[in-house]
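In my numbering, the protein residues as written are 161 to 499.
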Amino acid sequence: MSVTNKIWKLRKRPVGDVSEGDLEFVEEPVRALEDGEVRIRTVFLSLDPTNRIWMSDRDQYMPPVEIGDPMRGGGIAIVEESRFDGLAPGDVVNSGLGQWSLYMIKRGEEVNKLPDIPGVPLTAFMGPLGMTGMTAYFGLMDIGKPKKGETVVVSAAAGAVGSMVGQIAKIQGCRAVGIAGSDEKCRWLTETAGFDAAINYKKEDVAAGLDRHCPDGIDVNFENVGGEIMDTILPRLNDFARMPLCGLISSYNATEPVPGPYNFAMFLMRHVTLKGYIVTDYMERFPEGMQAMGQWLSEGKLRFETDVVEGLENAPASLERLFTGKNLGKLVVKVSEPE
Ligand code: NDP
161 MSVTNKIWKL
171 RKRPVGDVSE
181 GDLEFVEEPV
191 RALEDGEVRI
201 RTVFLSLDPT
211 NRIWMSDRDQ
221 YMPPVEIGDP
231 MRGGGIAIVE
241 ESRFDGLAPG
251 DVVNSGLGQW
261 SLYMIKRGEE
271 VNKLPDIPGV
281 PLTAFMGPLG
291 MTGMTAYFGL
301 MDIGKPKKGE
311 TVVVSAAAGA
321 VGSMVGQIAK
331 IQGCRAVGIA
341 GSDEKCRWLT
351 ETAGFDAAIN
361 YKKEDVAAGL
371 DRHCPDGIDV
381 NFENVGGEIM
391 DTILPRLNDF
401 ARMPLCGLIS
411 SYNATEPVPG
421 PYNFAMFLMR
431 HVTLKGYIVT
441 DYMERFPEGM
451 QAMGQWLSEG
461 KLRFETDVVE
471 GLENAPASLE
481 RLFTGKNLGK
491 LVVKVSEPE
């Protein structure tokens, strides 16, 4: 029986925002499996700010997607056909790094079977128990090194990574202050996720908000955004503050070089440790992160939201949700049913 795939391919490099025609939706037959391979069907495709980085040919942490190649991405999938001993049709897997497509053929050892944990929805494996959860956990715990009583500030706080960072900070006994782009997000942060305070940067003066909500200064700045927001945080860092540099989303669509932080001198004056990292740096320690996040999730200490867009055909147009701030929590595309 022949199976037809649907794939998004990169046709040209976006200039600024991703626009129609940058990617093309094509149909192709799926080839037969070889020994050791599985055919998986995507259930949830992860949409991430880094998709925009991969579409560009700027200097980056891995090779860009080449023009004409399938768009890179990952998510959760179901095994439909297997010629690999460890996996059977019906198994739910993390597809690892794959592509924006309905089907993928992978080596069996490249995908991880997901455990069926009672009470834990599949979407948790895109959020707290997925890549963004691991990004929050290792960035904060390993680089941020939060100590009880310290103040942790996180930007893009109501997003997939940021929402976890603030909640982990609370679990560590810290004061958690989030910066986000709407009143609804700020309410969610304080009323649902347990942040001590939230600042709506689109409406409030961020400097005044930080002064009000961080009376003892800032010990950890978990940086997701860069630009003006980061620059406003820097002079408020305490001596020996730590700064996990996770992302710089405010510049991913930039068409001109972006200025460096005006308050760069603060790294020196306040003895700050700044470390950029990519979540895959911690791959070998994922079991530790999964264990901790799974434990907190089962204890009801982590709240998470998933922003679900229906249909693979809507993937490129939905990416803008990350750059306009329409998403609350992890943005995913539901590509097919989970059975
Ligand atoms: P989010 O779910 O946080 O979505 C992105 C959010 O960023 C939006 O909802 C929006 O929220 C905010 N945002 C967008 N543009 C701007 C802007 N110009 N100024 C301020 N805020 C903006 O995405 P993720 O949690 O997946 O990613 C968050 C950050 O973490 C990104 O920078 C990403 O690249 C990075 N990241 C890094 C990883 C690593 O390994 N280092 C791994 C995963 C993510 P709002 O409404 O508040 O503006």
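For every residue, glycine included, the Cβ atom is placed at its ideal position computed from N, Cα and C.
What span of residues does the alpha helix (DSSP H) with D365 cover, start to end? From DSSP, D365 is part of no alpha helix (DSSP H); its letter is neither H nor E.
S216 Cβ short of 6 Å to the ligand NDP heavy atom set: Between the ligand NDP and the CB of S216, the shortest heavy atom gap is not smaller than 6 Å.
Rounded Cβ spacing between L472 and L205 (contact assumed at less than 8 Å): Indeed they touch by this definition, with Cβ atoms about 7 Å apart.
When D208, V239, E351 and D177 are compared against P498, the one with the closest alpha-carbon: Put simply, of D208, V239, E351 and D177 the residue whose alpha carbon is nearest the alpha carbon of P498 is V239.
Nonlocal neighbours in the same chain, by C-beta distance under 7 Å from M294, ignoring five residues either side: The residues V439, Y442, F446 and G449, in chain order, have a CB closer than 7 Å to that of M294 in the same chain once the five nearest residues on each side in sequence are set aside.
As assigned by DSSP and simplified to three states, the class of L434: DSSP places L434 in strand when its eight states are reduced to three.
Tell me whether D379 sits in a helix, a strand or coil according to DSSP, three-state version. Three-state DSSP puts D379 in a strand.
In whole angstroms, what separates the C-alpha of A414 from that of K486? If I take the Cα positions, the gap works out to 19 Å.
Are the region 397-411 and the region 304-317 touching by the rule of at least three beta carbon pairs closer than 8 Å? Touching, yes.
If I'm right that D379 touches A358 with Cβ under 8 Å, what's the distance once you round it to whole angstroms? Going by Cβ atoms, the distance from D379 to A358 rounds to 18 Å, so no, they are not a contact pair.
Beta strand (DSSP E) containing D399: first to last residue? L397 to L405 is the span of the beta strand (DSSP E), which, as asked, contains D399.
Helix, strand or coil: which one does DSSP assign to D182? D182: coil per DSSP, three-state reduction.
Span of the beta strand (DSSP E), counted from its first residue to its last, around D467: DSSP places D467 in the uninterrupted beta strand (DSSP E) bounded by T466 to E470.
Please tell me whether T200 and S242 are closer than 7 Å, where the distance is taken between their beta carbons. Going by the sequence as given, residue 200 is Ile instead of Thr. Cβ atoms of I200 and S242: not closer than 7 Å.
To the nearest angstrom, report how far apart Y221 and T210 are at their CA atoms. About 10 Å.
Tell me, which residues are paired with S206 by DSSP? DSSP output for S206 lists V492 as bridge partner(s).
Could you tell me if Q284 is buried or exposed, where buried requires 16 or more neighbouring beta carbons within 10 angstroms of its beta carbon? Note that residue 284 is Ala in the sequence shown, not Gln. Buried, since its Cβ has 16 or more Cβ neighbours within 10 Å.
Assuming the contact rule is C-beta atoms closer than 8 Å, R463 and T352 should be a hit. Round their C-beta distance to whole Å, please. That belief holds up - the Cβ atoms of R463 and T352 are roughly 5 Å apart, short of 8 Å.
Same chain, Cβ closer than 7 Å to G144, neighbours up to 5 away in sequence not counted: The structure shown does not extend to residue 144, since the chain is modelled only from 161 through 499, so no value can be given for it.
Any non-hydrogen atom of the ligand NDP within 6 Å of D365 CB: Taking 6 Å as the cut-off, the C-beta of D365 does not count as close to any heavy atom of the ligand NDP.
Using only alpha-carbon positions, find the residue among E459, S261, M161 and D302 that is nearest to V493. Taking each of E459, S261, M161 and D302 in turn and checking the Cα distance to V493, the smallest one comes out for S261.
Do you know whose CA, among Y361, G233, K330 and G326, lies nearest D343's CA? Of all alpha-carbon atoms in Y361, G233, K330 and G326, the one lying nearest the alpha-carbon of D343 is that of Y361.
For V271, does the three-state DSSP call read helix, strand or coil? Three-state DSSP puts V271 in coil, outside helix and strand.
Would the beta-carbon of T392 be found less than 6 Å away from any heavy atom of the ligand NDP? For T392, the shortest C-beta to heavy atom distance toward the ligand NDP is 6 Å or greater.
Of the choices P476, N423 and Y412, whose alpha-carbon is the least far from that of R218? Considering only alpha carbons, the answer is Y412.
Mind checking which residues open and close the beta strand (DSSP E) that includes T311? From DSSP, the beta strand (DSSP E) with T311 extends over T311 to S315.
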